[in-house]
Amino acid sequence: MRTRPLKVALLGCGVVGSEVARIMTTHADDLAARIGAPVELSGVAVRRPSKVREGIDPALVTTDATALVKRGDIDVVVEVIGGIEPARSLITTAFEHGASVVSANKALLAQDGAALHAAAEEHGRDLYYEAAVAGAIPLIRPLRESLAGDKINRVMGIVNGTTNFILDKMDSTGAGYQEALDEATALGYAEADPTADVEGFDAAAKAAILAGIAFHTRVRLDDVYREGMNEVTSADFASAKAMGCTIKLLAICERAADGGSVTARVHPAMIPLSHPLASVRGAYNAVFVESDAAGQLMFYGPGAGGAPTASAVLGDLVAVCRNKLGGATGPGDSAYTQLPVSSMGEVVTRYHISLDVADKPGVLAQVATVFAEHGVSIDTVRQQGRQDGGGEASLVVVTHRASDASLNGTVEALRSLDTVRGVASIMRVEGE
Numbered sequence: 002m003r004t005r006p007l008k009v010a011l012l013g014c015g016v017v018g019s020e021v022a023r024i025m026t027t028h029a030d031d032l033a034a035r036i037g038a039p040v041e042l043s044g045v046a047v048r049r050p051s052k053v054r055e056g057i058d059p060a061l062v063t064t065d066a067t068a069l070v071k072r073g074d075i076d077v078v079v080e081v082i083g084g085i086e087p088a089r090s091l092i093t094t095a096f097e098h099g100a101s102v103v104s105a106n107k108a109l110l111a112q113d114g115a116a117l118h119a120a121a122e123e124h125g126r127d128l129y130y131e132a133a134v135a136g137a138i139p140l141i142r143p144l145r146e147s148l149a150g151d152k153i154n155r156v157m158g159i160v161n162g163t164t165n166f167i168l169d170k171m172d173s174t175g176a177g178y179q180e181a182l183d184e185a186t187a188l189g190y191a192e193a194d195p196t197a198d199v200e201g202f203d204a205a206a207k208a209a210i211l212a213g214i215a216f217h218t219r220v221r222l223d224d225v226y227r228e229g230m231n232e233v234t235s236a237d238f239a240s241a242k243a244m245g246c247t248i249k250l251l252a253i254c255e256r257a258a259d260g261g262s263v264t265a266r267v268h269p270a271m272i273p274l275s276h277p278l279a280s281v282r283g284a285y286n287a288v289f290v291e292s293d294a295a296g297q298l299m300f301y302g303p304g305a306g307g308a309p310t311a312s313a314v315l316g317d318l319v320a321v322c323r324n325k326l327g328g329a330t331g332p333g334d335s336a337y338t339q340l341p342v343s344s345m346g347e348v349v350t351r352y353h354i355s356l357d358v359a360d361k362p363g364v365l366a367q368v369a370t371v372f373a374e375h376g377v378s379i380d381t382v383r384q385q386g387r388q389d390g391g392g393e394a395s396l397v398v399v400t401h402r403a404s405d406a407s408l409n410g411t412v413e414a415l416r417s418l419d420t421v422r423g424v425a426s427i428m429r430v431e432g433e
């Protein structure tokens, strides 16, 4: 074993960063044995240096992150500060001054992953980011390496624990959206401002990363269709249960059947109870992968939290340190294709549409005619009169597979009918 330690700079010492530092200290001997050399925490960049950080030598703490990554003797920079800047500048500076980088920054990688990969390759450095998607779940490396010889056709997953907790609570207890969100906030699963989670921004960033890796192409955050789950209601869950389904906020990345394009999207969807993703409960994450040779694979585990995310960071740290000792770099950027990203209008799936209609003869025929005129085939229809005697009925239509553009045209035409009082909900049906 080499006795001279590999030096690590830690950028950020919050929930994840403090866990990384703790495990580096408590598991130092194990890490050294696995790497083939000791690993030394040589500097920690923070915003508030006066804060007491258990287990970290105060002499290592600095507020000057730029000076830390410019030292020249740092082998690996671990970036867990999040956001776009200064993280982007610090990572590129680290490459320029001889360090490889391990990052957990999904927002930055979704927006600027291509440029960061190019900078890493220009300077002969590694860029690893297992912790950027699905926390502790080994996912990025299996897609980049273990399945490198296979053709991945579809990646569908639950990649945000907060939204899965909320939807699971609504499903299992009958709670409304706000009640479930309040509980998630009280338990620490949801932030005070839950927008990034419930409106799908967090999952969209992860979808962009997953699509790029799975299909070896460039998928920008702006390419990802995004729809939040804050309008999902108890009535939607009742309809889902009637179909033998539940509702999940899904990130879905697909390669077209002809291989000529890809799509990436985030939205709530009904999914059959028989599908493996339907059984993912609480704040857990899971990703379901379909490929030509391996078939169907599912990756499952805790998708957030200090220790789980630190586990993924440290796995990358070990890999990068091994590369350093061997004088090599890892797989690098695999975006060798330039597949176009299709619009959401070209996505084909099934739909569940709930309509409020006049409770009188001929309405069903009118509705069916509109679907037929737009080329959307109806699978099942269920109509139920209102108990309040208000002259309205609830009409639920489940379609066969159709394009999103065709479905949108159908819905617009339905809204123009005098007998259709409102479109209560539209939800895609996936995983069949």
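Just so you know, we're using the numbering used here here: the sequence shown kicks off at 2 and counts up by one. Heads up, the beta-carbon is just placed ideally off N, CA and C, and yes, glycines get one too. All of these numbers come straight from a predicted model, not from anything done at the bench.
Residues that residue i bridges to, as DSSP identifies them
{"i": "residue 368", "result": "Residue 368 pairs with nothing; no bridge assigned."}
{"i": "residue 273", "result": "246"}
{"i": "residue 304", "result": "Paired residue(s): none; residue 304 is not in a bridge."}
{"i": "residue 268", "result": "251"}
{"i": "residue 8", "result": "41"}
{"i": "residue 128", "result": "102"}
{"i": "residue 82", "result": "BP columns for residue 82 are empty, so no partner."}
{"i": "residue 159", "result": "287"}
{"i": "residue 145", "result": "Bridge partners of residue 145: none, in fact."}
{"i": "residue 404", "result": "349"}
{"i": "residue 298", "result": "290"}
{"i": "residue 379", "result": "400"}
Host alpha helix (DSSP H) of residue i (start-end)
{"i": "residue 309", "result": "307-327"}
{"i": "residue 337", "result": "Premise fails: residue 337 is in no alpha helix (DSSP H) and is neither H nor E."}
{"i": "residue 287", "result": "That residue, residue 287, is in no alpha helix (DSSP H); its beta strand (DSSP E) goes 285-292."}
{"i": "residue 117", "result": "107-123"}
{"i": "residue 169", "result": "162-174"}
{"i": "residue 259", "result": "First-last for residue 259: undefined, no H or E at that position."}
{"i": "residue 70", "result": "66-70"}
{"i": "residue 352", "result": "Here residue 352 belongs to no alpha helix (DSSP H); instead the beta strand (DSSP E) covers 349-359."}
Cα-Cα separation, residue i to residue j
{"i": "residue 288", "j": "residue 160", "result": "7 Å"}
{"i": "residue 181", "j": "residue 199", "result": "12 Å"}
{"i": "residue 111", "j": "residue 222", "result": "6 Å"}
{"i": "residue 352", "j": "residue 379", "result": "9 Å"}
{"i": "residue 359", "j": "residue 415", "result": "13 Å"}
{"i": "residue 362", "j": "residue 374", "result": "20 Å"}
{"i": "residue 206", "j": "residue 265", "result": "10 Å"}
{"i": "residue 429", "j": "residue 345", "result": "12 Å"}
{"i": "residue 129", "j": "residue 39", "result": "20 Å"}
{"i": "residue 70", "j": "residue 405", "result": "48 Å"}
Cβ neighbours of residue i in the same chain (closer than 7 Å, five flanking residues each side left out)
{"i": "residue 16", "result": "307"}
{"i": "residue 170", "result": "176, 181, 184"}
{"i": "residue 23", "result": "56"}
{"i": "residue 313", "result": "131, 132, 136, 137"}
{"i": "residue 122", "result": "333, 334"}
Distance between beta carbons of residue j and residue i, contact taken as under 8 Å
{"i": "residue 305", "j": "residue 267", "result": "The pair is not a contact, with the Cβ atoms about 17 Å apart (cut-off 8 Å)."}
{"i": "residue 162", "j": "residue 284", "result": "3 Å"}
{"i": "residue 434", "j": "residue 331", "result": "The requested residue 434 does not occur in the structure, where the chain is confined to residues 2 to 433."}
{"i": "residue 12", "j": "residue 82", "result": "5 Å"}
Bounding residues of the beta strand (DSSP E) (the contiguous stretch that carries residue i)
{"i": "residue 422", "result": "421-430"}
{"i": "residue 223", "result": "Careful: residue 223 lies outside any beta strand (DSSP E) and carries neither H nor E."}
{"i": "residue 395", "result": "393-400"}
Sequence-distant residues of its chain with Cβ nearer than 6 Å to residue i (five each side left out)
{"i": "residue 25", "result": "42"}
{"i": "residue 269", "result": "230, 233, 248, 250"}
{"i": "residue 66", "result": "12, 46, 91"}
{"i": "residue 282", "result": "169"}
Any chain D beta carbon closer than 9 Å to residue i
{"i": "residue 188", "result": "Among the chains in the structure shown there is no chain D, since it carries only a single protein chain."}
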